[in-house]
Amino acid sequence: MEPTAMLGASSDDEDWDDCDRPIPRTKARRGPSRRQIHQFTNVDGIKSGLVKALGNENNVQRSKDALNLDTIIQLPPPTITPFEPGEEKVLPPSLLLASRNKIPYEQLLSTQKSVNFNLPYFFYGAQVYPAVLRGTTNTRKSLEDIIQTMTPALVYGIKRHALRGHTWPGVVCTGNQADLLSGMLAFGISDAARKWLDDFQGGSSELRTMRADFVLKDGRTCSIDCGVYVTKELPSLTLLPHSEKIWRVSDLMRDPWHLRNLSTSMAEEEYLNSKLQRN
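Everything in the sequence shown is counted per the working numbering, starting at 18 for the first residue and increasing by one.
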């Protein structure tokens, strides 16, 4: 993702089909017994307590509509946070509210129907910030409206890395279900917004289809196909090992480009902060 300019031509539908290919994965992730709680640690050190039910077909229900959701029958739903404890002190209210948002099923169905059931996107870098997502999709929606289409999620078989010389991160697909990454799912991505997002990547990544877990408003844990921008192997992009640097969501709050983008939404952020304090 190149934040300084919009590079490259936007993808048409044929280009989308070329990169919208599933990553090889198992059909089901078998979990421990109902009494077991596993602490899965993702690449940025965030721990999410996931209570997995017995891994059999009776514990997964497929929705009978165009959302194509898998509902995982389990005990209390997982707590998913796209940033580490303590980072919230420097993050904008819009992101904090989005990180707490759980979408009702009927609202999700309506949102996706409005964009012909385009894939939702899973974001792990700058676009976890609602203000940045608004700018990079060229939408006129309010931050409050954008927040209502976002929810925290987990994707398996992927690792996030800091990029040498850049303030934004990259990701690689590992195919290992023990590797998981927390981020934000964004629903209601229109064809026009999709092309803006493709342009924003500047040829640095390709869109792939992966599966994300998230929690609905009613507490059900669901799994859905989503688009994820995976970093290409390019000479200009060097992924740093975690032993050298671990990328944090709050790192962007020290980036001048990012702060300039956030500054255009100060009035909205002040309003959202008052809403956050009431909650």
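All C-beta atoms in this analysis are idealised placements derived from N, C-alpha and C, irrespective of residue type, glycine included.
Beta-carbon proximity list for residue i, same chain, < 6 Å, skipping 5 on both sides
i	result
S50	Because the pLDDT of S50 is 30, which lies under 50, any placement of that residue in the model is unreliable, and the number read from its coordinates should be weighed accordingly. Excluding positions up to five away in sequence, the list is empty.
F100	V266
R38	For R38, the predicted structure reports a pLDDT of 36, less than 50, and the residue's modelled location is therefore unreliable. A value from the coordinates is still provided. Same-chain partners within the cutoff: there are none.
V245	F139, R225 and M227
F134	A83
L71	Reliability fails at L71, whose pLDDT of 28 lies under 50, so the model's placement of it is uncertain and the value that follows must be treated cautiously. For L71, where only same-chain residues beyond five positions count, there are no Cβ hits under 6 Å.
G205	T128, V132 and T166
N155	W213
Host beta strand (DSSP E) of residue i (start-end)
i	result
A170	M167 to Y173
S199	L197 to A203
G152	G152 -> not in any beta strand (DSSP E); alpha helix (DSSP H) instead, spanning P147 to T154.
P186	P186 to C190
Cβ-Cβ separation, residue j to residue i (assumed contact under 8 Å), whole Å
i	j	result
L160	L257	Contact doesn't hold; Cβ gap of about 32 Å is too wide.
P121	K234	4 Å
D87	S240	4 Å
E223	V247	6 Å
Q228	D242	Sequence inspection shows Arg at residue 228; the Gln mentioned does not correspond to that position. That belief holds up - the Cβ atoms of R228 and D242 are roughly 6 Å apart, short of 8 Å.
S116	T128	About 18 Å separates the two Cβ atoms, so there is no contact after all.
V107	S207	Between S207 and V107 the Cβ distance is about 31 Å, and since that is not below 8 Å, they are no contact.
L251	S221	7 Å
Start and end residues, alpha helix (DSSP H) containing residue i
i	result
E285	M283 to R295
S260	No alpha helix (DSSP H) holds S260; DSSP gives it neither H nor E.
E161	L160 to I164
P252	That residue, P252, is in no alpha helix (DSSP H); it is neither H nor E in DSSP.
N278	P273 to S280
E123	Y122 to K130
D216	D208 to Q218
A115	P110 to R117
Residue i - partner residues in DSSP beta bridges
i	result
G244	Y138 and T226
A179	P186
F231	A170 and C239
8 Å CB neighbourhood of residue i in its chain, flanking five on each side removed
i	result
M283	none
R271	T184
E286	P109, P110, S111, A148, L160 and L279
K130	A83
R52	The predicted model places R52 with a pLDDT of 27, which falls under 50 and marks its position as unreliable; any figure quoted below should be read in that light. Cβ neighbours of R52 beyond the five flanking positions: none.
E123	none
Chain-order list of residues whose beta-carbon lies under 7 Å from that of residue i (same chain, five-residue window excluded)
i	result
K158	R151
L126	D82 and L84
P181	The amino acid occupying residue 181 in the given sequence is Arg; Pro does not appear at that position. T255 and L257.
N73	For N73, the predicted structure reports a pLDDT of 40, less than 50, and the residue's modelled location is therefore unreliable. A value from the coordinates is still provided. Same-chain partners within the cutoff: there are none.
S27	For S27, the predicted model reports a pLDDT of 35, less than 50, meaning its position is unreliable; a value from the coordinates is still stated below. Closer than 7 Å at the Cβ level, and outside the excluded window around S27, lie K212, D215 and D216.
D268	T184
P186	Y141, G142, R177, H178, A179, L180 and W264
T153	Q144, W213, L214 and F217
A203	P137, Y138, F140, L150, T166 and M167
D32	Low confidence applies here, because D32 scores a pLDDT of 34, under 50, leaving its location unreliable and the question unanswered by this model.
K119	T168, V232, L233 and K234
G236	P94
E105	L113
S253	none
I163	P147, L150 and R151
S291	none
Could you check whether the stretch 275-294 touches the stretch 169-176, counting it as contact only if at least three pairs of C-beta atoms, one from each stretch, sit closer than 8 Å?
no
Is there contact between the stretch 143-152 and the stretch 108-116, where contact requires at least three CB pairs shorter than 8 Å?
yes
Three or more C-beta pairs closer than 8 Å, one from the stretch 207-224 and one from the stretch 133-142: is that the case here?
yes
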